[in-house]
Structure formats: C-alpha cells, structure tokens
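First comes the structure, then the notes that go with it.
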Amino acid sequence: MADVDEIWQEMQREQPKISAKRAAVKAVKDLSLLQKEKPKQKKSAGKQLDSTLNWMRDWSTGLVVGQQKDSDFGASAMAGIVEDLAVAAPPTTILDTREELPTGTPETFMAYIQRDINCLAEDTMNVRLQSLQKLERILVRQGDILATDVVDAVFDAMLKPLLKRLKDKSEKCRELAVKILRSLVENTSDLAAALPYVFPTLVSRLGCEDLDGVAHLPEIMRPDPEQKPTEIARPVEDSEEVRLELGHFVASLLQRCSPIQIYSYIDEATGLIRAQAMDPFHGVKALACDTMVTFCYNNREMLLHFALPLARSLTSCLTHNHAKLRIAGLRAITACLFCGVWKHNFEIFEVLMAWQDPNKVPIKAFYEGVTNVNYMSTLSFDRHPAVRRFWFETLAYWMIRCVDKVDLEPYIAPYLLTGLCDENEEIALEVFWLIERIGEAYEEEHEEDLRKTKQYGFDYTWTYSGRAFVPFPLQGIWGGGSSVPRHIRRTGAQGPDFLGHRPLPEHQHREQLASEVEDPDEDAMDSQDRRALGMRAELPSRDSCWPEFRDLAVYRRLPRPRLGSRSWVRTHSRRFIKATFNDVVDFRDCTSLNAGRLLCMSLAYTEEGVTEWLQPMMAALVKFYSGRAWAAADARAMQTYSTVCKLLGAFLEPTSLWTQLRGALDADSTMDLDQRIASVRILAMALEGHVQVLESIQPPDPSLGLGQLEPVLPELIEQQSHI
Numbered sequence: 000m001a002d003v004d005e006i007w008q009e010m011q012r013e014q015p016k017i018s019a020k021r022a023a024v025k026a027v028k029d030l031s032l033l034q035k036e037k038p039k040q041k042k043s044a045g046k047q048l049d050s051t052l053n054w055m056r057d058w059s060t061g062l063v064v065g066q067q068k069d070s071d072f073g074a075s076a077m078a079g080i081v082e083d084l085a086v087a088a089p090p091t092t093i094l095d096t097r098e099e100l101p102t103g104t105p106e107t108f109m110a111y112i113q114r115d116i117n118c119l120a121e122d123t124m125n126v127r128l129q130s131l132q133k134l135e136r137i138l139v140r141q142g143d144i145l146a147t148d149v150v151d152a153v154f155d156a157m158l159k160p161l162l163k164r165l166k167d168k169s170e171k172c173r174e175l176a177v178k179i180l181r182s183l184v185e186n187t188s189d190l191a192a193a194l195p196y197v198f199p200t201l202v203s204r205l206g207c208e209d210l211d212g213v214a215h216l217p218e219i220m221r222p223d224p225e226q227k228p229t230e231i232a233r234p235v236e237d238s239e240e241v242r243l244e245l246g247h248f249v250a251s252l253l254q255r256c257s258p259i260q261i262y263s264y265i266d267e268a269t270g271l272i273r274a275q276a277m278d279p280f281h282g283v284k285a286l287a288c289d290t291m292v293t294f295c296y297n298n299r300e301m302l303l304h305f306a307l308p309l310a311r312s313l314t315s316c317l318t319h320n321h322a323k324l325r326i327a328g329l330r331a332i333t334a335c336l337f338c339g340v341w342k343h344n345f346e347i348f349e350v351l352m353a354w355q356d357p358n359k360v361p362i363k364a365f366y367e368g369v370t371n372v373n374y375m376s377t378l379s380f381d382r383h384p385a386v387r388r389f390w391f392e393t394l395a396y397w398m399i400r401c402v403d404k405v406d407l408e409p410y411i412a413p414y415l416l417t418g419l420c421d422e423n424e425e426i427a428l429e430v431f432w433l434i435e436r437i438g439e440a441y442e443e444e445h446e447e448d449l450r451k452t453k454q455y456g457f458d459y460t461w462t463y464s465g466r467a468f469v470p471f472p473l474q475g476i477w478g479g480g481s482s483v484p485r486h487i488r489r490t491g492a493q494g495p496d497f498l499g500h501r502p503l504p505e506h507q508h509r510e511q512l513a514s515e516v517e518d519p520d521e522d523a524m525d526s527q528d529r530r531a532l533g534m535r536a537e538l539p540s541r542d543s544c545w546p547e548f549r550d551l552a553v554y555r556r557l558p559r560p561r562l563g564s565r566s567w568v569r570t571h572s573r574r575f576i577k578a579t580f581n582d583v584v585d586f587r588d589c590t591s592l593n594a595g596r597l598l599c600m601s602l603a604y605t606e607e608g609v610t611e612w613l614q615p616m617m618a619a620l621v622k623f624y625s626g627r628a629w630a631a632a633d634a635r636a637m638q639t640y641s642t643v644c645k646l647l648g649a650f651l652e653p654t655s656l657w658t659q660l661r662g663a664l665d666a667d668s669t670m671d672l673d674q675r676i677a678s679v680r681i682l683a684m685a686l687e688g689h690v691q692v693l694e695s696i697q698p699p700d701p702s703l704g705l706g707q708l709e710p711v712l713p714e715l716i717e718q719q720s721h722i
C-alpha cells in the first residue's frame, strides 16, 4: 500500500492545473476512503402551486432573485444572495414630484402624464396600480380645473389603455380605471369616436349580450320570457364595488349621449340597464332604477318596443328585501309605462298580474310545476307600510297621468279598492281621498255624461230624496269603526229652480257638504268645508311621494263618495265582481276575508247599481254562512260579511231582497237546514241596515213611517206564522 500512496502523490504533483474546488479539498491520505461513496440523494420534485392557485404567481412578479453561482454557503455567498434580492419598484415619474401640472396646452399636459400612461401596459401590478392612482389624482380629483381641449387630448390617448384595464386582474386597478373613464366621459366635448369602443367593452364586462339566453335559437323556437323574479347568478365582474362604479359610468355615459347616438346603440344601452337591474347587489339595483327613470323620460319615443323588457327586468326589485328598493322599482316601472303607451303597457300589466292566456300552456308545464308571481297582489299586502302607501299612490298616479289608462283601469280598480281595507288606518284614509281625486278627474273627463245628473239632482231611491245617509265602511267595518270619529253628509239632491221659488243662497250643489250651503261665497264654502271635515291627518314626510299628491288633504271624517268616484268604480266593478263571488266561499280564510273586503268596498261605491248582480251575490252569501267559512268563525270575516249584508239592505229595496230570500221561510222549501238558517240570518242583517238608513234621515220625517219596509214586514210576519 505504501507504493500505491507514493504513486498517487506523484500523479498529483504532475497535474498541470488544479481547479479552485479541488484546491480547497484536502489531500486524501488514505486511498481506501475513496472506495466508500456517499449514496446519491434523490432529487425531490420541485414545489409547484396547485392549478387552482395559479393566481398567486402574480404576488412574486415584482421580485427578482439572483441565482447562486457558488456552492459555498458561507457568509460571503449569503451576502451575495441578499444583494441580488431586489424589488422591481414603480418608476418615479413627474407626477410624483408635482401636485399640479401646467394646463396651458394639451401637448404640455400630455408630456407630463405620458410616462404614467405608458406604465399602464406594464406586467407588474404595482406599477400599473401606482400609475392609475396618480392619474386618478390629476384627472378625477382635479378634473374640474382642466380645460376642454386638454380633456379631449387625454381622452383620446387614454381611452384604449383604460378600457384594457377594465379586465385587469387587480380589483383596485379596475375600479380606478372606471373612475377615470367616468370623469373623462363627463368632461369631454365629443363622445362619438369613443362609443364604438366603450359600449362593446361595457357589454362584455356586465355580461348583457344575451340576458334571456335565447339568442342562439330561431325566433319560432324561443320560449316566453320568465315571469318570476330573475337575477344574474354569476356576474362577469365579481367585485360589487367595481360593478357599482360601472353603474355610475353607464349613467354618466347615457346622460352625455345625444338622441342620435342613443338610437345607434339602443340595444346595448337597454341591455346595460337591464343587466344592472338584475344584478344581485342591492346598490347596483338601486342605481339601475334611477338610471332607468332618467333614460326612459329622456328617450321615450325610441323605447316603444323596449318598454316590456325593461319592465320585466325590474321584477327582482319588486320582491327585494329592502323597502327602498321596492319603491325605486315602482318608480322605474312607472317610467316604462310612459314609453309603451298604447302598445306594450298592457303586456307589462300581464307580467305584474301574472296573467296567462288559458289557451296557451308552456311545454314545461307538462313536465314540472309552473308558478307565477302576482306582483300587484304582493305589493298590496307588503309587510312595510311605506311600500303599501307608495304602491296605492302609484296606482292613483297611473289613473291620473297615464295616457292609455282606459286599458289599465279595470285591472287597477280592484287593487285600489283593496287599499281601503289596509290594516293601517292612515293608509286606508289616504286611499279614500286618492279615489276622491280620481273621481274629480273622472268628472272633468265625462262632464257631458254627468251633466244632467248634476243639474237635475237625480239620486237613488234609498236616499229618500237625498235625506238619508249611509256611513262609509272603511276597513270593511260598518261606519268605519274607531278610525272615523264622525261622518258628514252631503247636501240632498235638488233639481234646478226655474221658477225662482227659492232664494239664491238656498240653491245647492249635490256634491257640496252640508255645512257649505250656509254661505254661497266660494272662499267661505272652502273654510266651512275644512271645518266640517275636521283636522287634517298628518302624512309622514317622505321623498318618494309623487308631486301630484304632496298637497293631498286627508281627513278622518268621511263623506259620501263623490259622484265621479261612484261612477268610476261602478264602471269597472262589472269586470271583477263575479270572480269575487267565487272567492267568497274559498276554503282558505285569508282568501275569503280579502274577497269579502273587496265586495264590501265595491258595494260602498256601487250602491243601488249592485242590483245587477243580486242573485249570484245572494247565492255566494248563503254558501258562506252555511259552509265551512261560517264554521271557522273568523272574527274579521264575520265582521266584514255582516257589513256586506247591511249595505245590501241599505242600498237595495227591501222587496228585492225579500223576493230572493223568502223561499227559506216556506214550509215546503227544498233547501237544506243550514241554507235556510243562513238565508234568515242574511235577511235579518239586511233589514237592520235599512232601519239604520231610516234613522239617518235628516230632518226627521214622522210621516215617512217604515218607508220602503212597509210592503215587506206584513208578508214577513205572515210567512213566519206558517213555519
């Protein structure tokens, strides 16, 4: 072994060059040590991010780590690595050194911000973000001091870079880009060159290319749009803050566009508003409602065929949890009604009422359950009093302002009458005076039809020449309950005095209150009217009230409804009253109660005109008092239907009622016992109502006796004697 070691040392001395690494290695004294090789370590797989975490790669894009050039892990090697570790910091630009820039000429201003504009295309997120922040400070916060030519130059240079940043991976970058674009759009002088780029970008970011999802189908194969509330499940822009800024940007863009420009991009504009109205974020929905109101009122002529899609996109707003958003949705639907006049407004009401042609059944109804939502009924019984109040005010506003209201009145009347039975007494009182305002407008429109009735003082027989009075049954309660402290009567109907037997102060108008006839002076009559009605009920102050009803006078003392109100309700009651009879005997207590209240309010306005439906009404009441509804003994339903029976006795001639119910007292009657008892109960309450009418006659007339009851009572007594 000694000879081998000597040979090895001689070979080392004869080697001409020795690498630096071998020089550092100590000479091996024992060659046997070379026979033991260290086991090679298996190279472990490099650590990689999961495919779902690839977005984390951007966190390290600003770091540049130098590779280790030496395998020595000594102090000098570590110091070199620390020196090579550096952060790619954003470059320093002129905007970092100056708070205000010279705005003399566009060229000078552009020279100061050009470096930051170029940085918008950098790969590093920090560089883009800081450049956007600096540009936002100059162009948004100080944008009011910039000249128009400067803004135009900046807008031309920054339009495409900013539109690209709307798809940036950073949420903050997208938000700042939208803010800068909005400021430039609001202050620039001309948008014509930018619209071909702005609208397609907004459409892609809001995902409104095909909101209904039927663009790929032929028109003959496209199903009917969904009637239930619809929202966008997964918006393209996942940030709520950015979508809110996009909503402000869309509102500013549509306000700046001229009618010709809107006409060129009408599909895109309406699609943007619809997408925002169906956004899941409530802030975007509220902003979309305000934008839609302004857009519809400014461009109503070109939105004739877009009124229905715009209104249908608001269904999710009408059922939202926020009361303010439901009110905003109603205001937006009102704006849509002014766009689809005489064409699509009825289709909008079909959506709101969940109306469906019975001869047209969707195919999916054969395979799955199909349900619709009656938005008008939902709003009539909304859980928030402010929403119900605004809903009934909106119905009255439609009756006064809509041009094509003749097509809508039959569908609005029952919901407005339902408001008279609202659980909130103040809302019910306001609805009464809203209907009075509608009646006043009806008298002006149908002045020729009502002229003779007013001039000749015609009135129904139940009034006994205008001397009798029936208190208004507010909330379905006889006399209005505790909410109406005292009713006031209108003057008796008197014809014209052609011969001059009465002096001028005694001439009366049928729609005047009893206190108004004391002084013919108009101002005095108004003051006496206010004294007769008592103190005005204070309505809550709110911003959502329509301007036409800000001065609405609401009093707690209720007179007989004016002639126009009675004529308006009587005209439209025949469209729904027979359907109401079917719900009277419904097995659900709530449905039976609501049907009874609607029937009660219809009787209060129709009065003697209800004779047309006397027979089916009596059949429905007999079924009610002899069926399950009577057995349920719901106190509110019993009170409502007893008021209905009293109103029938007050307004109809007792002989007509006796003819319908006398069969229950015959000994050989084929009616069941429950039906006979129900008929007798109805007859008793009807006679009670007519007796109260006789008691209300002013001035009292002893010579009148039993009035219209005289031919009925003897027959009733005789019939009872044969039982």
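Going by numbering that gives the first Met the number 0, the first residue of the sequence shown is number 0, and it counts up by one from there.
Each residue gets a CB set at the ideal place from its N, CA and C atoms; glycine is no exception.
From a predicted model like this one, the values you see are computed outputs, not experimental measurements.
Start and end residues, alpha helix (DSSP H) containing residue i
i, result
"G479", "Neither: G479 is in no alpha helix (DSSP H) and is coded neither H nor E."
"H689", "672-694"
"P539", "Looking at the DSSP string, P539 is not in any alpha helix (DSSP H), and its letter there is neither H nor E."
"C207", "No alpha helix (DSSP H) contains C207, which DSSP labels as neither H nor E."
"V360", "Here V360 belongs to no alpha helix (DSSP H), and DSSP marks it neither H nor E."
"E346", "344-352"
"M616", "613-625"
"H571", "562-572"
"Q638", "634-650"
"C420", "Run containing C420: none; DSSP gives neither H nor E here."
"E218", "Per DSSP, E218 belongs to no alpha helix (DSSP H) and is neither H nor E."
"K159", "147-164"
"R382", "No alpha helix (DSSP H) contains R382, which DSSP labels as neither H nor E."
CB of residue i within 8 Å of CB of residue j, strictly
i, j, result
"A268", "I261", "yes"
"I437", "I476", "no"
"L205", "E225", "no"
"M600", "L307", "no"
"V643", "A677", "no"
"F468", "R559", "yes"
"E442", "G339", "no"
"V553", "R535", "yes"
"V430", "L419", "yes"
"E652", "T452", "no"
"F623", "V584", "yes"
"K133", "D115", "yes"
"V184", "L252", "yes"
Per-residue DSSP class, three states only, for residue i
i, result
"Y264", "coil"
"Y455", "coil"
"Y554", "strand"
"H247", "helix"
"E236", "coil"
"A364", "helix"
"Y414", "helix"
"A331", "helix"
"F580", "helix"
"P470", "coil"
"I434", "helix"
Contact set for residue i: own chain, Cβ-Cβ below 6 Å, skip 5 residues either direction
i, result
"D148", "P105"
"V213", "R221"
"W657", "V711"
"D518", "Residue placement at D518 is flagged as unreliable, the pLDDT there being 42, under the threshold of 50; a coordinate-derived value is accordingly withheld."
Residues of its chain near residue i, where Cβ-Cβ distance is below 7 Å and the 5 sequence neighbours each way are ignored
i, result
"T639", "G475, L592, G595, R596, C599"
"G328", "C288, L313, C316, L317"
"E240", "E174"
"V386", "A322, R325, I326, L378"
"R242", "P234, E236, D278, F280, V283"
"Q66", "Bear in mind that the predicted position of Q66 carries a pLDDT of just 43, short of 50, making it unreliable; the figure below should be weighed with that in mind. Once the five neighbours on either side are set aside, Q66 has no close Cβ partner at all."
Residues near residue i by beta carbon distance below 8 Å, same chain, minus five either side
i, result
"K645", "W477, M684, A685, E687, G688, Q691"
"Q47", "Interpretation of Q47 is limited by its pLDDT of 49, a score under 50 that renders its predicted location unreliable; the figure taken from the coordinates is listed afterwards. There are no such residues."
"N53", "Summary for N53: the model assigns pLDDT 49, below 50, so the residue's position carries little reliability, and this model does not support an answer."
"T723", "In the structure as shown, the chain starts at 0 and stops at 722, and residue 723 therefore has no counterpart that could be examined."
"A636", "D588, S591, L592, G595, A628"
Can you give, in chain order, each stretch of the alpha helix (DSSP H) that sits fully within the segment 79-144 and has at least 4 residues? DSSP assignment within the segment 79-144 yields the following whole alpha helix (DSSP H) runs of 4 residues or more, N-terminal first: 93-96, 105-118, 124-135.
Sequence ranges, alpha helix (DSSP H) only - wholly within the segment 256-303, length at least 4: Along the length of the segment 256-303, whole alpha helix (DSSP H) runs at least 4 residues long occupy 258-263, 265-276, 281-297, reported in chain order.
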